[in-house]
Amino acid sequence: MEKVEISCNTKLAYIREGLGFPIILIHGLDGNLASLCSLKDELKHNYDVITYDVRGHGKSSKPNAYHLKDHVEDLKLLMKKLNIEKAHIIGHDMGGLIAKHFGDKYEYMVASLTLIACNLIDSVLELNKLMIEHDDEIEGFDKSESLILLLPYMYKEQEKAKKWFQSQLIYNRQSAEESAIATRALMEFPVYNQNIVLEQTNIPTLIVNGNYDPLITKEMKREYDQVFHNLKIVNFNQSGHAPHIEEPNHFLDVFLAFIKTNAYSEG
């Protein structure tokens, strides 16, 4: 793990391994780069793979306040620092939200988007609903502990999900304050204003969802058809909120076939 200073008082922790066309992996809310290390290890044999802690997470700088647009600019500066002109970008959960907004602003830097279990419509609201539904089970526990207790409701392959979650806690554990700051950064996302819609995009996009994911809604899927002009959606039958962990081989096959089909976009 290395750190790079992308702006005054802001450093991002990252891991870069492999050779080939760049693939950037972006983790989810309250997660860290450890959540994508297994995927990185599979891809690094044929690609230049970068996974990093977004600001406010993991071992990157943790300011007292920031916004979604800061995540977007951080990614641009990270790519500049690492001399990456264009990359395939994979985002899980919040990472997909960052990837989509980055593609909206810097389309020329994105060869393709892969959004895993990403709710672009109301990323925070659906998790809050789930926590309220099971309030009696998680009462008295902090957010990290609550997410462990909610594993049966969020994932199909619970043992895989538990090990995955624990690996992130070993690497770094978010404090309650850090989690609140990270969540507030997403709460300003304009979908809460019903008059604002998601920007349409021509970037080749792969969306991977788990059929057992309670955070993905039918309304969201209908919205995506209007937003993405070059879209492939794949639903994983044995997955919840982490298809790349619950069905890793299936995910790898789907992703590699997708970028092979869209290899022209790497130029």
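Its first residue numbered 1, the sequence shown is counted upward by one per residue in full-length UniProt numbering.
Glycine is no exception: its CB is placed at the ideal position from the N, C-alpha and C atoms.
Per DSSP, GLY232 is paired with what?
-> Looking at the sequence provided, one finds Lys at residue 232 rather than Gly. Looking at the DSSP assignment, LYS232 forms a beta bridge with LEU206.
In three-state DSSP terms, what is residue 271?
-> Lying outside 1 to 267, the shown extent of the chain, residue 271 is not represented and no answer is given.
Can you tell me the Cα-Cα spacing of LYS11 and SER60, whole angstroms?
-> Their Cα atoms are separated by approximately 6 Å.
Since LEU88 sits in a beta bridge, which residues does DSSP pair it with?
-> One point to set straight first is that residue 88 is His, not Leu, in the sequence displayed. The partner list for HIS88 (beta bridge, DSSP) reads ILE23, SER112.
Test: GLY31 CB closer than 8 Å to a CB of chain B = Here there is only one protein chain, and chain B is not present.
Less than 8 Å separating the beta-carbons of LEU149 and ILE138?
-> It is a contact, given that the beta carbons lie within the stated cut-off.
Using DSSP with H/G/I as helix, E/B as strand and the rest coil, what is LYS62?
-> coil
Proximal residues to LEU246 (C-beta, below 8 Å), its chain only, five neighbours per side dropped | For clarity, residue 246 is Glu in the given sequence; the question names Leu instead. So the qualifying residues of the chain are TYR155, LYS156, GLU157, LYS160, ALA161, GLY210, PHE236, GLN238, SER239, GLY240.
Under the assumption that SER144 contacts GLN174 (Cβ atoms under 8 Å), give the Cβ distance between them as a whole number of angstroms.
-> 7 Å
C-alpha distance - LYS105 paired with LEU198, whole-angstrom precision | 13 Å
With distances taken Cα to Cα, identify the nearest neighbour of LEU231 among ASP93, LEU39, LEU115, ASP135.
-> LEU115
Out of ASN172, LYS40, LYS62, state which residue places its alpha-carbon closest to the alpha-carbon of ALA182.
-> LYS62
Roughly how many angstroms separate the alpha carbons of ASP41 and PRO248, rounded to a whole number?
-> 12 Å
Rounded Cβ spacing between LEU77 and SER7 (contact assumed at less than 8 Å) | 6 Å
Which residues in the same chain as LEU130 place their Cβ atom closer than 8 Å to its Cβ, once the five residues preceding and following it in sequence are excluded?
-> LEU150, TYR153, MET154, PRO214, LEU215
What number of angstroms, rounded off, separates the C-alpha of GLN226 from the C-alpha of HIS27?
-> Going from the Cα of GLN226 to the Cα of HIS27 covers about 25 Å.
Identify whether ILE148 lies in helix, strand or coil by the three-state DSSP scheme.
-> helix
For ALA34, the nearest candidate out of TYR171, PHE255, GLU126 (CA to CA) | Of the residues TYR171, PHE255, GLU126, the one whose Cα lies closest to the Cα of ALA34 is TYR171.
Nearest CA to the CA of TYR53: which residue from ARG16, ILE121, CYS118, PHE258?
-> The sequence given here has Asp at residue 53, not Tyr. The candidate whose alpha carbon is nearest that of ASP53 is ARG16.
With C-beta atoms as the reference, is MET187 less than 8 Å away from ASN119?
-> With contacts defined as CB atoms closer than 8 Å, MET187 and ASN119 fail to qualify as a contacting pair.
SER7 by DSSP, collapsed to three states: which one?
-> strand
What number of angstroms, rounded off, separates the C-alpha of ALA65 from the C-alpha of PHE251?
-> 34 Å
Please report how far the alpha carbon of MET109 lies from the alpha carbon of ASN83, in whole angstroms.
-> One C-alpha to the other measures close to 12 Å.
Residues near LYS81 in its chain [Cβ-Cβ closer than 7 Å; skip 5 each side] | These residues qualify, in order along the chain: VAL4, ILE6.
Three-state class that DSSP yields for ILE50 in the structure shown = strand
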